[in-house]
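So the structure is just underneath, and the comments pick up after that.
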Amino acid sequence: MILRTVHSAAILLAAAGAGCTAGGAGGTIQGEGSAAPLSQRLEDRKAQFLRDADPAVAQTYERGIEDVRASGVLQSAKRVGDTAPNFTLRSAKGDSVTLTTLLSKGPVVLTWYRGGWCPYCNIQLRALQEYLPQFEAAGASLVALSPETPDNSLSTQEKNALRFDVLSDLGLTVADRYGVRYRLPREVENSFKPGGLDLAKLNGDDSWNLPLSATYVIDRGGTIRYAFVNADYRLRAEPSEILAALRALQAD
154 MILRTVHSAA
164 ILLAAAGAGC
174 TAGGAGGTIQ
184 GEGSAAPLSQ
194 RLEDRKAQFL
204 RDADPAVAQT
214 YERGIEDVRA
224 SGVLQSAKRV
234 GDTAPNFTLR
244 SAKGDSVTLT
254 TLLSKGPVVL
264 TWYRGGWCPY
274 CNIQLRALQE
284 YLPQFEAAGA
294 SLVALSPETP
304 DNSLSTQEKN
314 ALRFDVLSDL
324 GLTVADRYGV
334 RYRLPREVEN
344 SFKPGGLDLA
354 KLNGDDSWNL
364 PLSATYVIDR
374 GGTIRYAFVN
384 ADYRLRAEPS
394 EILAALRALQ
404 AD
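Quick note on the numbering used here: the sequence shown kicks off at 154 and runs consecutively.
Given below as structure tokens:
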């Protein structure tokens, strides 16, 4: 069964502002059947930012949206029906994790996040944790990738009490193979620095690359069966949709 692919023309940028952490990300997300879906929690965070932000900073991010939209990065992303590139990455705890090994046990939910500094990412990760029992009941593994170094990935895993693997995609080499890596526009990079957000330190390189908002469900044969790829970092795959994709695989 081929499930829907989501693409957006908006940008994945840090409207959260520099130095934002999980403490400002809002509460945990309830699991299946919650009255507060992930999309609503993210929208609430966006509204808070727009209330509090310097209008000039918000305008900088909007100009960045146009830059990334014009780059064509969305057109390069892997889609439903494509073969998922294999990879081996280190987890936050130092273990080696290989996609094909995970797929030998069942389908895989693969998602990228920008880093522990991003409140939208922390909201998403907590929501995924709430749904983890349902994902596992459907036979799936969940892994989250970010460009952060293992030490910083471990911090993200611990502060969000995550029980799934958080992997360091250093240099976003795997994201590049999936077509979801982009370079943060210079104007936005310059807006981060006064607030103390140093991606070069957090990620262990000076590329200032970030991943698009991307989540895939990959079947045991290595085929992408669900794809959410969005250039707006404030929008993420709804966990209930991911679960529906996994249950559809069970029904095949």
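Glycine is no exception: its CB is placed at the ideal position from the N, C-alpha and C atoms.
Only a predicted model underlies this, so the values are computations on that prediction, with no experimental measurement involved.
- Within the region 271-314, the complete alpha helix (DSSP H) segments at least 4 residues long are 272-290, 303-312, listed from N- to C-terminus.
- If you draw a straight line from the Cα of S360 to the Cα of A404, it is about 43 Å long.
- With fewer than 16 other Cβ atoms from the protein chains shown falling within 10 Å of its own Cβ, G349 counts as exposed.
- Between R373 and P260, the alpha-carbon positions lie close to 5 Å from each other.
- Between N275 and the set L337, D235, S308, Y379, the nearest pair of CA atoms involves S308.
- Pairwise C-beta distances place the region 238-247 in contact with the region 303-318, as three or more of them are shorter than 8 Å.
- A straight line joining the alpha-carbon of S229 with that of Y335 spans about 11 Å.
- For the 9 Å CB-CB criterion, V341 and L320 do not form a contact.
- The distance from the Cβ of V233 to that of I377 is about 6 Å, consistent with a contact at the 8 Å cut-off.
- C-alpha of L203 to C-alpha of A211: approximately 7 Å in a straight line.
- Each residue's CA atom was taken as its position, placing A206 and G217 some 16 Å apart.
- Runs of the alpha helix (DSSP H) lying entirely within the region 342-373, each at least 4 residues long, are 352-356 in chain order.
- Straight-line measurement puts the Cα of D304 at about 26 Å from the Cα of A293.
- K231 and A237 do touch by the CB rule: their CB atoms are close to 7 Å apart, below 8 Å.
- As a beta-bridge residue in DSSP terms, V261 pairs with S294, I371.
- DSSP lists N362 as the beta-bridge partner residues of R336.
- Straight across, the Cα-Cα distance linking S344 with A291 is about 43 Å.
- Between N383 and A367, the gap from beta carbon to beta carbon is short of 9 Å.
- Distance from the CA atom of L281 to the CA atom of R316, rounded to whole angstroms, is 10 Å.
- Taking 9 Å as the cut-off, the Cβ atoms of L298 and L242 count as close.
- Counting every other CB atom within 10 Å of its CB across the protein chains shown gives R279 a total of 16 or more, marking it as buried.
- Y369 and L252 do not touch by the CB rule: their CB atoms are close to 11 Å apart, not below 8 Å.
- Around the beta carbon of E219, fewer than 16 other beta carbons sit within 10 angstroms, so the residue counts as exposed.
- The beta carbon of L256 sits closer than 7 Å to those of I371, R373, G375, all from its chain and outside the five residues before and after it, given in chain order.
- Comparing alpha carbon positions, the residue from Y331, N362, A353 closest to P338 is N362.
- Using a Cβ distance threshold of 9 Å, V226 and G332 count as a contacting pair.
- Runs of the alpha helix (DSSP H) spanning 4 or more residues and lying entirely within the region 184-243 occur at 191-205, 208-224, 226-229, in chain order.
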